[in-house]
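>
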Amino acid sequence: MGPGPITVDPRVLRAMSAQLVGQYDPAMTAYMNETQALFREVFATTNEATVLVDGTSRAGIEAALVSLITPGDTVLVPVFGRFGHLLREIAERCGADVHVREVPWGQVFTLEALEEAVREVRPKLVALVQGDTSTTMNQPLEGVGAMCHRHGALLYVDVTASLAGNPFAMDAWEVDAATAGLQKCLGGPSGSAPLSLSPRAVEVVDARRSVEAGLRTDPGSDDGAAPTGVRIRSNYFDLAMILDYWGEERLNHHTEATTMLYGARECARLVLEEGLENTVARHRLHGDAVLAGVRGLGLSVFGDVAHKMHNVVAVEIPAGVDGEAVRAELLHDYGIEIGTSFGPLAGRVWRIGTMGYNARKDAVLVTLAALEQVLRRHGAPVAPGGGTVAAQEVYSGFPA
Ligand SMILES: Cc1ncc(COP(=O)(O)O)c(C=O)c1O
Numbered sequence: 001m002g003p004g005p006i007t008v009d010p011r012v013l014r015a016m017s018a019q020l021v022g023q024y025d026p027a028m029t030a031y032m033n034e035t036q037a038l039f040r041e042v043f044a045t046t047n048e049a050t051v052l053v054d055g056t057s058r059a060g061i062e063a064a065l066v067s068l069i070t071p072g073d074t075v076l077v078p079v080f081g082r083f084g085h086l087l088r089e090i091a092e093r094c095g096a097d098v099h100v101r102e103v104p105w106g107q108v109f110t111l112e113a114l115e116e117a118v119r120e121v122r123p124k125l126v127a128l129v130q131g132d133t134s135t136t137m138n139q140p141l142e143g144v145g146a147m148c149h150r151h152g153a154l155l156y157v158d159v160t161a162s163l164a165g166n167p168f169a170m171d172a173w174e175v176d177a178a179t180a181g182l183q184k185c186l187g188g189p190s191g192s193a194p195l196s197l198s199p200r201a202v203e204v205v206d207a208r209r210s211v212e213a214g215l216r217t218d219p220g221s222d223d224g225a226a227p228t229g230v231r232i233r234s235n236y237f238d239l240a241m242i243l244d245y246w247g248e249e250r251l252n253h254h255t256e257a258t259t260m261l262y263g264a265r266e267c268a269r270l271v272l273e274e275g276l277e278n279t280v281a282r283h284r285l286h287g288d289a290v291l292a293g294v295r296g297l298g299l300s301v302f303g304d305v306a307h308k309m310h311n312v313v314a315v316e317i318p319a320g321v322d323g324e325a326v327r328a329e330l331l332h333d334y335g336i337e338i339g340t341s342f343g344p345l346a347g348r349v350w351r352i353g354t355m356g357y358n359a360r361k362d363a364v365l366v367t368l369a370a371l372e373q374v375l376r377r378h379g380a381p382v383a384p385g386g387g388t389v390a391a392q393e394v395y396s397g398f399p400a
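Mapping to the working numbering: the sequence shown position 81 is 81, numbers consecutive.
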């Protein structure tokens with residue numbers, strides 16, 4: 001019950017135990033096409049350029065940024081938690097001239113503040129996290145893409161922790177590049193990063209296209225980028241090459257991680273069988289139940305709760321309680337893992353997640369009951385039954 005990775009849905013585990021097929025086997029290429037179509041629906045986009053990047057969510061981020069940023073480009077990174085700092089760091093490594101704007105942890109940016117920063121910085125790219133797991137905040141994105149486009153910038157969004165647990169509408173919100181992972185609300189393991197690029201973003205990547213020597217039919221030519229662009233600095237994360245591999249040409253690049261493809265496909269199938277809106281609503285319901293439950297125990301919640309992600313809550317560790325000892329006891333006595341925190345929040349909050357397969361009533365109620373017992377043993381003044389009663393009220397829709 002942490003902020004991810006989470007307990008993997010058994011259907012995903014089963015899908016991942018299937019035998020491998022060759023990378024150009026018609027079954028494999030059909031799975032690839034199908035997975036692209038499924039993730040278009042999960043991202044709420046019609047983007048042709050919707051693929052998996054092999055690697056954890058960070059691989060998706062690196063692929064998007066190294067492919068979109070030409071060294072020297074101006075990039076704006078609004079930071080409201082640890083993962084904003086990660087975007088800044090990766091953008092710097094890509095050779096960008098990075099400008100950062102920050103709000104205190106526990107808050108998000110207003111559209112006006114973002115626009116003011118864009119006016120000042122005049123970036124080519126704005127790189128933003130939607131749900132920053134480190135603070136649990138969910139950055140509102142409506143209007144941000146259109147604002148970026150008015151000012152001639154592209155918008156990249158990291159939706160690793162938020163996708164399928166909170167609304168995300170790639171096309172309606174004019175997001176140019178988005179990357180995710182499986183290990184949060186999608187109910188899978190880490191190791192595959194779904195990614196989608198708008199036609200505008202594909203244009204940028206296409207201008208930097210290069211084809212490896214040994215694959216070209218005209219072996220005399222050099223393997224530099226298209227004449228208009230600077231070659232993408234990473235081979236593995238070169239999205240032009242990755243798109244060629246996933247495209248009709250199936251131009252060889254890496255060997256697609258077949259087992260991860262099976263897993264990612266099953267994650268998307270699970271979401272779409274339930275319905276994307278229903279999946280989001282389930283995360284909201286169980287997130288609300290945890291929120292009510294921890295408050296019912298008499299605990300405080302960190303940050304601007306109105307902008308909290310549905311799928312994770314940051315609970316203030318009561319004064320005098322050893323947060324790590326509580327986590328250890330929950331794990332050893334009850335088999336329940338809750339999350340620790342990073343940076344300024346380390347030792348101050350626990351993070352309790354309800355994501356993917358763990359966004360379930362039984363998981364929520366057992367976690368709250370166990371937390372109550374452990375906190376009482378640690379001398380915290382918790383309300384007897386306060387957690388489960390408050391959560392049940394959320395489930396029943398009226399006071400128990
Ligand atoms: C918002 C966000 N971005 C990026 C990452 C990095 O993901 P990974 O560890 O899969 O590379 C995480 C991981 O928790 C995350 O929550």
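The beta-carbon is built from N, C-alpha and C at its ideal position, and this holds for glycine as well.
Between which two residues does the alpha helix (DSSP H) carrying Ile90 extend?
Element bounds for Ile90: Arg82 to Arg93.
> For ligand 1, any of its heavy atoms closer than 7 Å to the Cβ of Phe83?
Yes, since a heavy atom of ligand 1 falls inside the 7 Å radius drawn around the Cβ of Phe83.
> Could you tell me the alpha carbon to alpha carbon distance between Phe43 and Leu111, rounded to whole angstroms?
Computed Cα separation, rounded: 22 Å.
> May I have the straight-line CA-CA distance separating Pro438 from Arg351, to the nearest angstrom?
The structure shown does not extend to residue 438, since the chain is modelled only from 1 through 400, so no value can be given for it.
> List the whole-angstrom C-beta distance separating Ser67 from Leu239, where the pair is believed to meet the contact cut-off of C-beta under 8 Å.
Ser67 to Leu239, Cβ: 4 Å. Contact.
> Considering only residues of the same chain and omitting the five flanking positions on each side of Glu256, which have a CB-CB separation below 8 Å?
Answer for Glu256: Gln23, Met28, Met32, Leu52, Asp54 and Tyr245, listed in chain order.
> Please tell me whether Cys450 and Leu182 are closer than 8 Å, where the distance is taken between their beta carbons.
With the chain represented from 1 up to 400, any question about residue 450 goes unanswered, as that position is not in the structure.
> Please state whether the Cβ-Cβ distance between Ala391 and Gly287 is less than 8 Å.
No.
> Kindly indicate which three-state DSSP category Ala178 falls into: helix, strand or coil?
In the structure shown, Ala178 sits in a strand (DSSP, three-state: E or B).
> Where does Leu145 land, buried or exposed, given buried means 16+ other C-beta within 10 angstroms?
The identity of residue 145 in the sequence shown is Gly, whereas the question assumes Leu. Result: buried.
> My output table needs one value for Lys184: the three-state DSSP class, helix, strand or coil.
Coil.
> Three-state secondary structure (DSSP) at Leu76?
Reduced to three states, the DSSP call for Leu76 is strand.
> Grab the span of the alpha helix (DSSP H) containing Ala390 for me, first residue to last.
Counting along the chain, the alpha helix (DSSP H) containing Ala390 begins and ends at Gly386 to Ser396.
> Is Gln139 near ligand 1 - that is, is its Cβ less than 7 Å away from at least one heavy atom of it?
Every heavy atom of ligand 1 is 7 Å or more from the Cβ of Gln139, so no.
> Look at the Cβ atom of Ser192, then the Cβ atom of Gly263, and state whether they are nearer than 8 Å.
Result yes, Cβ atoms of Ser192 and Gly263 sit closer than 8 Å.
> List, from N- to C-terminal side, the beta strand (DSSP E) runs of 3 residues or more that fit wholly inside the stretch 242 to 324.
Runs found: 312 to 316.
> Cβ of Asp97 within 7 Å of any heavy atom in ligand 1?
No, since every heavy atom of ligand 1 falls outside the 7 Å radius drawn around the Cβ of Asp97.
> Less than 7 Å separating the Cβ of Thr7 from some heavy atom of ligand 1?
The answer is no for Thr7.
> Less than 8 Å between the CB atoms is what I'm expecting for Ala127 and Ala91, so what's the real figure, rounded?
About 6 Å; that satisfies the 8 Å criterion.
> Which same chain residues, not among the five before or five after Leu243, have their C-beta less than 6 Å away from its C-beta?
Contacts found: Ala49.
> Return the residue from the list Arg209, Arg250 and Pro167 that minimises the CA-CA distance to Arg233.
Here the closest residue by C-alpha is Arg209.
> Taking the alpha-carbon positions, what's the Asp97 to Asn138 distance?
Distance between the alpha carbons of Asp97 and Asn138 is about 26 Å.
> What is the DSSP secondary structure of His99, counted as helix, strand or coil?
Strand at His99.
> Once the 5 residues before and after Ala363 are set aside, which same chain residues still bring their CB inside 6 Å of it?
For Ala363, where only same-chain residues beyond five positions count, there are no Cβ hits under 6 Å.
> Alpha carbon to alpha carbon, how far is Val8 from Met309? Give it in angstroms, no decimals.
Taking the straight line from one Cα to the other gives about 20 Å.
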